[in-house]
Structures are given as C-alpha cells and as structure tokens.
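**Student:** First the structure, then my questions, so here it is.
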Amino acid sequence: MRRVLAALFFALALVPTTPALRAAVVTTSAIAGIVRSANAPAAGVTVTVTSKALQHERTTTTNAHGRYWLGALPPGVYDVTFAKTGLVTLTRRTTVELARVARADATLTPGEEGESVTSTAVTVGVADTQPITTHFSDLALDRLPVRRDPPSVEAIAPDPLPSFYSTVDDGLLYNATLIGEESIEQVTVLRGALPIEYGRATGSSVAALTRSGSENLFLSIRDTITSENWIGGSTGGGGLEHRFEVAAGDHLLPERLWFFAAGWGGDRADVAIRDEKGYELKLSGQLGARQNVVATAIHGEGNLSGGSRADEGQLSANYIAVPDPRLTIQTFVQRQILDGQGYDGAFGEASYAAGDHVLRGGVDAMRHASSTAWFAADRWSRNRFTIDAGVRSDDDDVSTRLFASYDFFGDGRRAVVASYRHDPSNQETTLGFATALGAAGSARIDAIHRDFDGVDANAVEFDMNYRLFDRIEAGANYAFADTDPEYPLFAPRHLAHAWLGAALPIGEQEIGVTVLERYGDLAVIAHAPLATDLALRYIVPIKAVHLTAAADATNVFASRGPRALRAWLRVRL
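So the sequence shown is residues 742 to 1314, counted in the numbering used here.
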C-alpha cells in the first residue's frame, strides 16, 4: 500500500495546476489473461509483450490464480510470450485496440529448458472491456464510404442517447473534422457507463488515435477531390475542390526516438469549412527501459459559413513510467487552443496490480473552470467474475461507477456484462451479453436505462463486427430509444447501420467494394432516413509503393435526400 501511495503522489506531482477548458481523458488499452498448466492456474509465469507499436518490451508475472494484467499499452499487434522454468515457452499473438482490453490466455506444458512454441491462433476476448464500444481499425476506416474523421465515424456508430464528447490523442477537440484524414489511425466510440476516468463525459465518447512513428518508414500522399456539382440538390456550382495531405513517420534513433509529421490544406465541398489548413507533429521517446514519453502538436483552421473562423489545436505530452512490473504511472498534460485562446489541463493516474486486484487512483484538473477531480478504482478478477468499482470527486460532486461481468467458460469469449453509473444529474444502468465470433469478430447487446435529471430514457443497443482473412469485413449496429418527451437530448427512436466489404485480389492488384446501409426515422447529420452508400477501392502495387484510387458515393439511390460523391487518390510507401 505504501508503494501505491508513493506512486500516486509521484503521478500527482507531475500534474501542473494550470488551466483547462475541459479536462483531459487518457484512453488506455490493455492485455489481460489467464495462464494454466496441468489443468491448474500457473503462478509465477513471466509474461512479456513486444510490438511494433512499442519501443521497449513490457513484462509482468502471473499471480497465484494464473492471472496477469498489462495496462497503458498503445494499440497494435502484440506477441505475448509466456515463460517459466520447466515449462515449454509459448508465444501467442493478439491485437490491442483503442480503449479495449485484449485477451491472451495460455496453456503451458512440461518441457526442456529452451524449448518454445509459437501459436498463430488469434482469439478475441469480450469479458474484460467495460463500456459498450464500436471500434474502427485503420483498415476499416480505409474501406468504409465515410470521411476519416471522428464525427463522420460516430455517425455510423451512434448512441441513441448522445453526448458529443470527442478526444484526439486524449485531448479534447470540438471540431475534429479539422484533422487530416491520413493522420487518423483508429477510432473507437464508447457508450454506456464509461470508466471512472471519463468522469465529465455524459453519454457517448469518441476516442481517436493519430499515427506514430516506428522503426520503419511510413509515407502517404493524398488528394481528396470533391465538387459542389457532385452533390445533389446543391445550389452552388464550380469546378473540382482539392484537399492535399502529406504524412510521414520513421525513427530518428532506433528503438529510442520516433517521429510522425503531417500537413494538410485545401477545400472540400462536402464539409462546411473552407480554406482548411493544418499540421501535426509527434515525437515518441523511450527514456530507458521503463519510461516513455509522447509529445504531440496538432493545429487546424478554416473558414466557416457566415464569415466566422474555426481555429483549434492542442499541445500535449503523455508520460508513462513502469518502475515495477506491477506498477504503472501515467500523466497527461495538454494545452487546448480554441479560437486563439489557450486552456491547460492535466491528468495523472497510478495503477498497481496486487494479487487479483488492479488498484487505480489519480487526479483530473482544469484551471479554466477552477476544478480538480480525484478518483480511485479497483478492478477485481476471480474465477469467472470481474468487478470494476470506482468513485470520483469533482469539487463538491461525487460520482460512482460499477462494472461486473461473468465469463461463462473462463476464456473471455462469452460473458454477461452489467454496469451502473451515478453522477449528480445522470444515472445509468446497463445489462448485456457479449460473445466472440470466430477468431476476429464479436457481438454485444445491451439494455440501457438512463435518468437524466429526473427524466427517464430507455434504450437497446446491438453491435457486431467480423473480419475474415483481412479480405471480408462486416459490421452492424442497431439502437432503439424510448425517451420521455422532456428528455433534453435529441434521440431518434430507431437507428441502424450495416456494412459488408470485400477486397478481391486480381494478380498483384486489389479491388475493394463496401456497401453501407443507414437507417434512421429522422435525418441524422444531413443523411437521408434510409440510404445506401458505396465505396470502391483500386490498389496497384508499384515496387514498394501502393497507389490507391478511391470513390465514395453517399445515398446512391437518392432516396428522400441528396446524393453526394467524393474521390481520393493516395500514394503510400
């Protein structure tokens, strides 16, 4: 306990007491699992994770019940190695997604020292992720007929009881459309009872992650082409509009210092912002074996209709220290820039794995609103149960969170999940069922009840995704909302989206087709109540370069609404 308190004090000492328009939220991902041997939990197994997304490996050991937890991991594909004297070393692969908990279990057999096995099987875990989430990977964002920005992605994974809280690289951005499309790498929409760290977010939250550098060179050049003549019902007119983007990343020092840089500018006829321009710079540094820091600068601006101007950005730094395999310290500081004004915010958290518990505590501060929040939480896993409980104090307000899951078979693939949140003006309860679909898919359905300042709202949400060999991708979601007429937020009664895409190889080339169906009983974000969208992709490899020619059609059949077309060309190394 003294170590936990000392770590928490250290994390708080790194948090400056300076200003924020809205406090920061650190969106973390993790890997959890159970290791067994001879039909019993295997204690003391060393678990090591490596990834192209990591500059240095991370390690921990299993507890007395064979469980382990590795938090504060950047999203990516990980190799998880399990080793113990007298047992065959096993390596498994898992994918860590933004704001989700990945699962990697292992069964070790007796063997000679130095003997090892690599398993190519990939499993999906659904019992460990707390909120209702819809995740869009880099590949999915490339294939869908939507703009590659958080607001456009949220529109096809909506909360029927919405909130509009978006973060990019953990910093709040009110107009995330200003971000370059080639900068965005992953987007996750979170709904339901969010973790205690998201104390000020009510309803849904959209987390977006931009690219980082790596050991390998990344270069992308893109031209997005639109025209008012391609938008049905437009009263304007004119020639082609171009928005150019360049993005690049690499290492400056191998395994020590990475960089990512991007710039964009131009016009798009399908957004309400003109004369756009912006940039992003990101440095990722490994400060020894146990410390990592990521510094990011993002800025975007453009002219809005009516003569006003959008000008927004952020400067941020995210520091992670792992002084002990069981102890993780994370701090995040941010200066948000909105219309030329700067607002500073900070977040600090320490987590400690003690037996079956993962203890967390931290602070969330913002100066502009003169507010400081303190929070503490405990994640407890035993047998097939997981419970995550937390409390948060925002000045004079107290909030609580409770999440529970029961894993039917102890492998993370099927679970009953429930959650409860209590805020001063908002109470929410969810009950659902989650299941894995094959090796690369999952589905979840939840019933939700929300009391918003004395006004009731009920909802049912369903979400599904499935991928086969990176060639076929399918997804669907449905939301039903039954709200009191006095409910203060717009909530369509029915919302549904479904998409199916296929990437077909033709020799060394590839043709991709994705069809997206959208349904809502009222127009949502300028879309028709019932609409079909279509994406076409043609990819040609030329030595080490991939050329992509793409076209997106929104509301193809012009059903009770305008049709819109956009195209883009990209060269990527």
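Glycine is no exception: its CB is placed at the ideal position from the N, C-alpha and C atoms. In this text the structure is predicted, and so the values were computed from the model without any measurement.
Could you spell out the range, first to last residue, of the alpha helix (DSSP H) harbouring proline 1246?
**Tutor:** Translated into the one-based positions of the sequence shown, residue 1246 becomes position 505. Unbroken run through proline 1246 is the beta strand (DSSP E), 1235 to 1247; no alpha helix (DSSP H).
**Student:** Given alanine 1285, which residues of its chain have a CB within under 8 Å of its CB, disregarding the five upstream and five downstream residues?
**Tutor:** Residue mapping note: residue 1285 aligns to position 544 of the sequence shown, counting from 1. Once the five neighbours on either side are set aside, the close Cβ partners of alanine 1285 are Leu1314.
**Student:** In this structure, what does DSSP give as the bridge partners for glycine 1083?
**Tutor:** Here residue 1083 refers to the residue found at position 342 of the sequence shown. Answer by DSSP bridge pairing, in chain order: Ile1078.
**Student:** Compare the C-alpha of arginine 1125 against each of Ala1220, Asp869 and Leu1079 and name the closest.
**Tutor:** For the purposes of this step, residue 1125 is taken as residue 384 along the sequence shown, with counting starting at 1. Ranking the options by Cα distance to arginine 1125, first place goes to Asp869.
**Student:** According to DSSP, is glutamate 938 part of a helix, a strand, or is it coil?
**Tutor:** Taking the sequence shown and counting its residues from 1, one reaches residue 938 at position 197. Glutamate 938 falls in the helix class under three-state DSSP.
**Student:** Check the DSSP bridge columns for valine 1139 and list the partner residues they point to.
**Tutor:** Indexing the sequence shown from 1 puts residue 1139 at position 398. Looking at the DSSP assignment, valine 1139 forms a beta bridge with Ser1134.
**Student:** Quick one: residues in its chain with C-beta nearer than 6 Å to the C-beta of histidine 1098, no 5 flanking neighbours on either side, listed in chain order?
**Tutor:** As a first step, residue 1098 must be located in the sequence shown, where it is residue number 357. Cβ neighbours of histidine 1098 beyond the five flanking positions: Asp1119 and Trp1121.
**Student:** Whole angstroms are fine: how far does the CA of isoleucine 1213 sit from the CA of phenylalanine 985?
**Tutor:** Looking up residue 985 in the sequence shown gives position 244. Looking up residue 1213 in the sequence shown gives position 472. When rounded, the distance between both Cα atoms is 30 Å.
**Student:** Using DSSP with H/G/I as helix, E/B as strand and the rest coil, what is leucine 919?
**Tutor:** Residue numbering aside, residue 919 sits at position 178 when the sequence shown is read from its first letter. Note: leucine 919 maps to helix in three-state DSSP.
**Student:** Based on DSSP bridge pairs, tell me the residues matched to leucine 1068.
**Tutor:** In the sequence shown, the residue the question calls residue 1068 occupies position 327. Beta-bridge pairing links leucine 1068 to Asp1065 and Tyr1093.
**Student:** So what's valine 894 in DSSP terms, helix, strand or just coil?
**Tutor:** Walking along the sequence shown from the start, residue 894 turns up at place 153. If DSSP states are grouped into helix, strand and coil, valine 894 belongs with the helices.
**Student:** Determine which residues share a DSSP beta bridge with phenylalanine 877 and list them.
**Tutor:** Position 136 of the sequence shown, counted from the start, is the residue given in the question as residue 877. Bridge partners of phenylalanine 877: Val928.
**Student:** Roughly how many angstroms lie between the CA atoms of valine 790 and glycine 812, to the nearest whole one?
**Tutor:** The residue you call residue 790 lines up with position 49 of the sequence shown. The residue you call residue 812 lines up with position 71 of the sequence shown. Looking at the two C-alpha atoms, the distance is approximately 11 Å.
**Student:** Determine, using beta-carbon pairs with one atom in the stretch 1194 to 1208 and one in the stretch 951 to 958, whether at least three such pairs fall under 8 Å.
**Tutor:** Judged by Cβ distances under 8 Å, the stretch 1194 to 1208 makes no contact with the stretch 951 to 958, as fewer than three pairs qualify.
**Student:** How many whole angstroms separate the CB atoms of threonine 830 and threonine 822, which I take to be in contact at a CB cut-off of 8 Å?
**Tutor:** Within the sequence shown, residue 830 is the residue found at index 89, counting from 1. Within the sequence shown, residue 822 is the residue found at index 81, counting from 1. Rounded, the Cβ-Cβ distance is 6 Å, consistent with contact.
**Student:** Give the range of the beta strand (DSSP E) segment to which leucine 1209 is assigned.
**Tutor:** As a first step, residue 1209 must be located in the sequence shown, where it is residue number 468. It spans 1196 to 1209 - the beta strand (DSSP E) in which leucine 1209 sits, taken as one unbroken run.
**Student:** Could you tell me which residues DSSP puts in a beta bridge with proline 1317?
**Tutor:** As displayed, the chain neither begins before 742 nor continues past 1314, which places residue 1317 out of reach and without an answer.
**Student:** Just to confirm before moving on: does the CB-CB distance between leucine 1306 and alanine 1291 stay below 7 Å?
**Tutor:** For this step, residue 1306 is matched to residue 565 along the sequence shown. For this step, residue 1291 is matched to residue 550 along the sequence shown. Cβ distance not < 7 Å, so leucine 1306 and alanine 1291 don't count as in contact.
**Student:** Using only alpha-carbon positions, find the residue among Ala934, Glu895 and Val887 that is nearest to threonine 1171.
**Tutor:** Mapped onto the sequence shown, residue 1171 falls at position 430. Out of Ala934, Glu895 and Val887, Ala934 has the C-alpha closest to the C-alpha of threonine 1171.
**Student:** For tryptophan 781, count the other beta carbons within 10 Å of its own beta carbon; 16 or more makes it buried, fewer makes it exposed. Which is it?
**Tutor:** Locating residue 781 in the sequence shown gives position 40, counting from the first residue. Reading off the sequence shown, one finds alanine at residue 781, where the question assumed tryptophan. The residue in question, alanine 781, is exposed, as its Cβ has fewer than 16 Cβ neighbours within 10 Å.
**Student:** Using three-state DSSP, classify aspartate 1129 as helix, strand or coil.
**Tutor:** Along the sequence shown, one-based indexing puts residue 1129 at 388. Of the three classes helix, strand and coil, the one that applies to aspartate 1129 here is strand, per DSSP.
**Student:** Aspartate 883 by DSSP, collapsed to three states: which one?
**Tutor:** In the sequence shown, residue 883 corresponds to position 142, counting from 1. Three-state result, aspartate 883: helix.
**Student:** State the DSSP-derived secondary structure class of asparagine 957, mapped to helix, strand or coil.
**Tutor:** Taking the sequence shown and counting its residues from 1, the one referred to as residue 957 is at position 216. Coil at asparagine 957, not helix or strand.
**Student:** So, helix, strand or coil for arginine 1307, using DSSP?
**Tutor:** Here the question's residue 1307 lines up with position 566 in the sequence shown. Correct three-state label for arginine 1307: strand.
**Student:** Tell me which same chain residues have a C-beta within less than 8 Å of the C-beta of leucine 828, skipping the five on either side of it?
**Tutor:** As a first step, residue 828 must be located in the sequence shown, where it is residue number 87. Only Ser778, Ala783, Val786, Leu849, Thr850, Pro851 and Gly852 meet the Cβ criterion.
**Student:** Distance, Cα to Cα, glycine 1083 vs alanine 843?
**Tutor:** The residue labelled residue 1083 in the question sits at position 342 within the sequence shown. The residue labelled residue 843 in the question sits at position 102 within the sequence shown. So the two alpha carbons sit approximately 36 Å from each other.
**Student:** Using alpha carbons as the reference points, say which of Arg1278, Ala1220, Asp1274 and Ile1247 lies closest to arginine 932.
**Tutor:** Mapped onto the sequence shown, residue 932 falls at position 191. When only C-alpha atoms are compared, the closest one is Ala1220.
**Student:** Among Val837, Ile962, Gln1032 and Thr801, which residue has its Cα nearest to the Cα of proline 815?
**Tutor:** Residue 815 sits at position 74 when you count from the first residue of the sequence shown. Among Val837, Ile962, Gln1032 and Thr801, the Cα nearest to that of proline 815 is on Val837.
**Student:** State yes or no: is the C-beta of alanine 949 within less than 7 Å of the C-beta of valine 1012?
**Tutor:** The sequence position of residue 949 within the sequence shown is 208, counting from 1. The sequence position of residue 1012 within the sequence shown is 271, counting from 1. Contact: no.
**Student:** With DSSP as the reference, label asparagine 1167 as helix, strand or coil.
**Tutor:** Position 426 of the sequence shown, counting from 1, holds the residue named residue 1167. In this structure, asparagine 1167 counts as strand in the three-state DSSP scheme.
**Student:** Rounded to a whole number of angstroms, what is the C-alpha to C-alpha distance between alanine 1217 and proline 1064?
**Tutor:** Taking the first residue of the sequence shown as 1, we reach residue 1217 at position 476. Taking the first residue of the sequence shown as 1, we reach residue 1064 at position 323. The alpha-carbon atoms of alanine 1217 and proline 1064 are separated by roughly 42 Å.
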